[in-house]
Amino acid sequence: MPSAILALEDGAVFEGRSFGASAERSGEVVFNTAITGYQEVFTDPSYAGQIVILTNPQIGNYGTNAADNESAHPFIEGLAVREFSSIASNWRSDEATREFLSRHGIPVVSDLDTRALVRHLRTRGVMRGVLSAVETDAAKLVERARQIPTMAGLDLASRVSTAEPYGWDKPVEPCSPSEIVPAAAGTRFHVAAYDFGIKQNILRRLVQVGCRVTVVPAPTSAEDVLALNPDGVFLSNGPGDPEPLQRQVSQVRKLIGKKPVFGICLGHQILGLAVGGRTYKLKFGHRGANHPVINKVTNKVEITSHNHGFAVDPDSLNLNEVEITHMNLNDQTLEGFRHRSHPVFCVQYHPEAAPGPHDSHYLFDDFVKLMAGER
Amino acid sequence: MPRRNDLKRILIIGSGPIVIGQACEFDYSGTQAAKALRSDGYEVVLVNSNPATIMTDPELADRTYVEPLTLPYLEEIIRRERPDALLSTVGGQTGLNLSVELAEAGILDQYGVELIGAKIDAIKKAEDRLLFKDAMRQIGLETPRSKLVKSEAEALEFAERIGYPCILRPSFTLGGTGGGIAYNRDDLVEVIERGLALSPVHEVLIEESVLGWKEFELEVMRDLADNVIIVCSIENFDPMGVHTGDSITVAPAQTLTDREYQMMRDGAIRCLREIGVDTGGSNVQFAIDPKTGRMVIIEMNPRVSRSSALASKATGFPIAKIAAKLAVGYRLDEIRNDITRKTPACFEPTIDYVVVKIPKWQFEKFPGADPTLGTQMKSVGEVMAIGRTFKQAMWKGLRSLETGKAFGSEKLDKNLIPQKLITPTPDRFNYIRFAFESGYTAADIHEMTAIDPWFLEQVEEVIRFQKELARENLAGASRDTLSRAKRYGVSDAQLAQTWNVPELSVRDKRKTLGVRAVFNRVDTCAAEFESFTPYLYSSYESACEADPSDRRKVMILGSGPNRIGQGIEFDYCCCHASFALQELGYESIMVNCNPETVSTDYDTSDRLYFEPLTLEHVLNIVDTERPDGVIVQFGGQTPLTLALPLKRQGVPIIGTDPENIDLAEDRQLFGKLLDDLGIPAPENGSATSAEEACAIARRIGYPVLVRPSYVLGGRAMVIAYDEETVREYMREAVTFSQDRPVLIDRFLEDAAELDVDALSDGEDVLIAGIMEHIEEAGVHSGDSSCVLPAQSIPRQQLDTIADYTVRLAKALHVIGLMNVQYAIQNGTVYVLEVNPRASRTVPYVSKATGVALPKIAVGLMLGKRIGDYTDARGVLPVPQEFVKSPVFPFNKFPGVDPALGPEMRSTGEVMGVGANFGEAFAKAQISAGTPLPEKGTVFISVNEHHKPEAVDVARKFAALGFQLVATRGTAAAIRSAGLTCKVVFKVNEGRPNAVDLLKAGSIQLAVYTTAGAPAFFDEKAIRRSAVTHRVPCITTMSGARAAAEAMAARRRDPIRVWSLQEIHARQKTVA
Ligand SMILES: Nc1ncnc2c1ncn2[C@@H]1O[C@H](COP(=O)(O)OP(=O)(O)O)[C@@H](O)[C@H]1O
Ligand SMILES: Nc1ncnc2c1ncn2[C@@H]1O[C@H](COP(=O)(O)OP(=O)(O)O)[C@@H](O)[C@H]1O
Ligand SMILES: [Mg+2]
Ligand SMILES: [Mg+2]
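Protein chains in written order, with this note's numbering: chain A, 9 to 383; chain B, 2 to 1072.
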């Protein structure tokens, strides 16, 4: 059977069987510990530029289906798993996972010791790597891994963002006759959503709470956004390092105080920078669906979905200006804050889940309340 | 919300004897809860009638009561102890039900005891299936359509409406007892009758069938601040229709997308909030239609359950321990995850391996029982296996089962395939494999089993690979082939079989090729954080995470899955061995594969290997750990059979030498030893042919006891009264061979039986207990009640027994524990067998004497002397009367003859403590669920030579105000003694007969002894109806005498209880 190699910049080499496309891709090698939701991970634009290791050893079991995509196509560079299912078993599946990934030219290496790989990254930190189903010379691949640019300083958001503005009005569709999804609230608000790599479930969730959404490209100026006369501005999740996004930061700074602003993930980091904070790179990031986050306002714990390699340094924030609202109970990193004098709030994690628990959906309601309050 | 300081004393109720549907998982949960609460400074008062549990260990609670789990005794305990709170959720259904009773009887209010864990209304809402369904409907969760009926007519009417098949479930029974599936009118009529009878409230729920749907379980935890987490998702390999307890189950769920999983998660959380379980763990069951995705909720258990034990072991998240802390006020985020240390317990474990649980059934012990698996649980135990993939875990699990049959050697019949696939029975999985081998496609099999195609694909991949293997051979096998085989979970033994070479040469070959087992950690977080607990499983990955220490270390081999004859008693021993090792400064390493047990709790031993107990797996661990010693005498028969092979591989076995273990196990060698010692044993011989067998039987004279060599739990033993039976046995009963001959002993009729447990350091021998059986020899030691101290055995016979025991221990150079069984017939003491290991009675004796035998045994194995522990010599004294009684699963197996015999069939045991024998026996009977009547009618029918005794007991019963009825002969004898006694027909004589009276409820106690010859239909009928109508049925005269004494005691003595601590305080024999 064809083989594939995952080579890391530090010389570590992992070999396994090749599944998806017979291609070679490179990127930052990261791991995600969620048990379910591989399709959402594949299609989350925040994974642009990354080769993803899934710690759940059985991947592909339930195939893929059109409804669970988080964007038009997969964004991961490559995939490393312990075992890849040769069949798809689920009533909603319309394409086997293997076909889905091959069709989009994404290489998959399977049957390798993903746990050893994860422990390696946990101790050494995430690093660059090359996943190749064509090259068999590991040494060459290690060399290539060292050539590729590091994440830090890279503006990936603009790369994955939409070229043209577009409207969105699709709500959440139940996945089963038994899923309780209340009918979407009547449209009361217009939200301008910055697309830094936005996940569609964020858009669905916004519609769900009564928003009509106009998605705008990453470089859109504050003026152009205000010209749309939205009730609120949303700052999306997205890939990579927030530091290089100075233009977006300055635009957002202009929006603060003019419109209610809600940011998620990269959006949260951009807000962090906009209010004068600093961001830094985490050793191996947060990627999973089981992180406990405490809401300091309600004093309740939410089990949350994560996907970020950078974070906002809480000590860099001016606490007279902003209030810390959410903290991560695993490693005490900042998970959310709000502005003390302006209708602005954001979280580092993913309240829209997909994949992950639904504990944090309330944040979309909060956004709506905020917009209502500003009317 | 921090710890509650208004509570000081907390009462924990255990789950009582091991029965089908409620096994040692509740010893695990109770033990964890007790430990957690005490470590937090609470006083714990613990009640459980089961002496074999770790939780009833005096060290584990401040006050420990081994007393009946019934209102009067609980009230007395509460009156004495005045606990501030009762933790209702860790004692299984029994603990929960009793908590409800206590609350409703107003006892909790009267003594100001607060119910913590689950409140009364929450329990009711969850347990009462109708209230539950209403509640679920209110929060938008679907449940199968259903109706509660109190009569057959009602049942039929509703069934016609929803159509067949339909599911029947008696209210308030455990593990689905009395429930079933009705495919048609007739089924319905049959099941409904049984169901109504068994339901304490005479109600049965009829429900729309969702047979063949996918079945799932979620383990949920909630704290007082309403923080909720899902600890684990479990998917059943066997779809709806097979009880989860009888299903192969897999964690995590494998075939749900995130959307579907989150829908289920949301449902479970909503369910918990609606039911109002304010703290602790609950288990929620769902079914999903594989075609449409429609989801219904099946049930929720507002307490720690079998599945939560499994989930705890599967994830490393100790549900019961956390549940206890939540119950006393802590929040999830205030509790630390002790595996990662840094992170809080408020998170959802994620796992990077696959866990498979496989049930173990024992229908072979219950001839006549229906082996069809349905909505009522029938398995007696289970194994869990952890692998990096489903295939690896599944195949590991299969060999953890210890079927005794070589893999693939099962007798499978092509023609039976469709039937065996369509109707689930214990060998369904074997038939799935077989079907693939026989060319059936996954589609065919899915069609017939409704098992998810993904699971079938996994099985098929292994089968396909095995076909490839068959084309290779050991010499030619490449590193790649071998490593693939191991990654698929194929055992060395199986490879050896395929290539027909010795198992060990496969091992050598792969090791030389560098295909070695490594060990991965169970860490709750898929390696995202460092783990500090060595909880390990084997795999064939690239890196080993065992990192063994360089400390002095000893490895303990556990007892594997619970089964009749080998259960929790041995887990008690293993756990104590581990504690003792730690006290002596050794690192303790536990190896076991039973998820229910305390021994597989990661904080019982320093290191835990969750592995099958086979030569291959144990050797892998030894290679990695290099222990200074390995203990094989605490895990029952399982490790004993490994003792010699391990020794041959140079593994340092400590304690009694495997050669000597073998000597005692091999009944021929052993017979010779007894001759040399001049210790009498029943005359015996061994045969390898029917002719030989009959010749021997003729020589030693009938009746004889026939059995295969190397048996455990008295498997396949028969008492033969004539040649015909012997021939038949040789024809059908067992397979025998030159090296596995059939053993024939003279059967000692009307002999008293005694069990002896002793400690030996090689020179000194301490006899821990001489237990007198209530039933005479012929009833398996595990199935007869017994009493400490012996009651009716003359001094000098006890001395003989002591003397024999000492000489045997010395002759076998026993180091550690030894168990001997004796029979006394006409004044002569015979040795029946010696078990050079911890026996089933060790925990019972330990609790009666206050001396933890395994603890000392470990010391002796490590070179200590008995004198280092105690000055006691001879036989340890017992300060009170202790009766141990067995508990049988007959109510689960309608149609099975409940007669007792040399083959063990009890699943569990209870202990009664009294100031006199009668009191202790009475309590034991109450705890065993067969309380003796206080008034009414006693039916007596005994064989000729029991008549004198029968008259004797009849007089006692009459004196206690009971009416007497008897069969003609017996009645005559009784009347001639001047007692009034009605006559009743024997079943074969006419009517009204004994059975009619039993059914009519006009008999409260039956005393029945067989007429020597094998039981005839008459007795069988009586025994059966006695069981179904819950009438205690005594089959021995000694038993009858005991009953009479017990009933007298019930009249005489008040309800009184003693804690083990106060009993033991009265006599300190051990330092
Ligand atoms: N409506 C149903 N249709 C088909 N099978 C069912 C139905 N309800 C229950 N079962 C089966 O019976 C088993 C036991 O039912 P459950 O409600 O869980 O009772 P218990 O309290 O004994 O666990 C379940 O595990 C499931 O396999
Ligand atoms: N020779 C005998 N005469 C009468 N009863 C016997 C005899 N041998 C065994 N038994 C009965 O059979 C039971 C099981 O026999 P045992 O040798 O203890 O096998 P096991 O290994 O199953 O414990 C004993 O507990 C005893 O009651
Ligand atoms: Mg159930
Ligand atoms: Mg025995």
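Cβ atoms here follow ideal geometry from the backbone N, Cα and C, with glycine treated the same way.
Computed from a predicted model, the values in this text were never measured in an experiment.
Asked: Would residue 324 of chain B and residue 241 of chain B be called neighbours here (beta carbons separated by less than 9 Å)?; Found: no
Asked: Using a Cβ-Cβ cutoff of less than 7 Å, which residues in the same chain neighbour residue 1022 of chain B once the five nearest sequence positions on both sides are dropped?; Found: 988 and 996
Asked: Distance cutoff 9 Å, beta carbons only. Does residue 130 of chain A sit that close to anything in chain B?; Found: yes
Asked: Between which two residues does the beta strand (DSSP E) containing residue 34 of chain A stretch?; Found: 32–40
Asked: DSSP three-state call for residue 377 of chain A: helix, strand or coil?; Found: helix
Asked: Tell me whether residue 182 of chain B is buried or exposed, calling it buried when 16 or more other Cβ atoms sit within 10 Å of its Cβ.; Found: buried
Asked: Taking Cβ positions, are residue 770 of chain B and residue 850 of chain B nearer each other than 9 Å?; Found: yes
Asked: Along the chain, which unbroken stretches of the alpha helix (DSSP H) at least 4 residues long are found entirely within the segment 384–445 of chain B?; Found: 391–401, 418–423 and 429–438
Asked: With the cut-off set at 9 Å, would you say residue 277 of chain B and residue 304 of chain B are in Cβ contact?; Found: no
Asked: Please tell me whether, using a cut-off of 8 Å, the distance from the CB of residue 251 of chain B to the nearest non-hydrogen atom of ligand 1 is below it.; Found: no
Asked: Check whether the Cβ of residue 767 of chain B lies closer than 9 Å to any Cβ atom in chain A.; Found: no
Asked: Would you tell me roughly how many angstroms separate the C-alpha atoms of residue 793 of chain B and residue 667 of chain B, rounded to the nearest one?; Found: 32 Å
Asked: Closer than 8 Å to a non-hydrogen atom of ligand 2 - does that hold for the CB of residue 752 of chain B?; Found: yes
Asked: State buried or exposed for residue 45 of chain A, treating a residue as buried only when at least 16 other CB atoms are found within 10 Å of its CB.; Found: buried
Asked: Quick one: measure Cβ to Cβ for residue 44 of chain B and residue 9 of chain B, integer angstroms, because I've assumed they're closer than 8 Å.; Found: 6 Å
Asked: Say whether the segment 382–389 of chain B touches the segment 353–362 of chain B, bearing in mind that this needs 3 or more beta-carbon pairs closer than 8 Å, one atom from each stretch.; Found: yes
Asked: Who are the neighbours of residue 267 of chain B on chain A, taking C-beta pairs under 8 Å?; Found: 188 and 366
Asked: Name the chain B residues whose beta carbon is nearer than 8 Å to that of residue 95 of chain A?; Found: 454, 455 and 458
Asked: At a Cβ threshold of 9 Å, is residue 355 of chain B touching chain A?; Found: yes
Asked: With 16 as the cutoff for other CB atoms within 10 Å, does residue 20 of chain B come out buried or exposed?; Found: buried
Asked: Taking C-alpha atoms, which residue in B:669, B:243 and B:529 lies nearest to residue 743 of chain B?; Found: B:669
Asked: Can you tell me the Cα-Cα spacing of residue 246 of chain A and residue 164 of chain A, whole angstroms?; Found: 8 Å
Asked: Would you decide whether residue 534 of chain B is buried or exposed? Buried here means 16 or more other CB atoms lie within 10 Å of its CB.; Found: buried
Asked: Alpha carbon to alpha carbon, how far is residue 511 of chain B from residue 30 of chain B?; Found: 41 Å
Asked: Per DSSP, what are the beta-bridge partners of residue 176 of chain A in this structure?; Found: A:221
Asked: For a quick check, are the C-beta atoms of residue 96 of chain B and residue 27 of chain B less than 9 Å apart?; Found: yes
Asked: Jot down the residue ranges of each uninterrupted alpha helix (DSSP H) in the segment 270–326 of chain B, minimum 4 residues, whole runs only, in chain order.; Found: 307–316
Asked: Can you name the start and end residues of the alpha helix (DSSP H) that residue 884 of chain B belongs to?; Found: Run containing residue 884 of chain B: none in the alpha helix (DSSP H); it sits in the beta strand (DSSP E), 882–888.
Asked: Tell me whether residue 302 of chain B, by its Cβ, gets closer than 8 Å to a heavy atom of ligand 3.; Found: yes
Asked: Does the beta carbon of residue 831 of chain B fall short of 8 Å from some heavy atom of ligand 2?; Found: yes
Asked: Below 9 Å between beta carbons: does that hold for residue 211 of chain A and residue 354 of chain A?; Found: no
Asked: Taking only beta-carbon atoms, is residue 296 of chain A less than 9 Å away from chain B?; Found: yes
Asked: Tell me whether the beta-carbon of residue 348 of chain B lies closer than 9 Å to the beta-carbon of residue 235 of chain B.; Found: no
Asked: At 7 Å on the CB atoms, spell out the chain A contacts of residue 255 of chain B, in chain order.; Found: 66 and 69
Asked: Taking only beta-carbon positions, decide if residue 442 of chain B is within less than 9 Å of chain A.; Found: no
Asked: So within the segment 135–166 of chain A, which uninterrupted alpha helix (DSSP H) runs reach at least 4 residues, ignoring any that extend past its ends?; Found: 146–155
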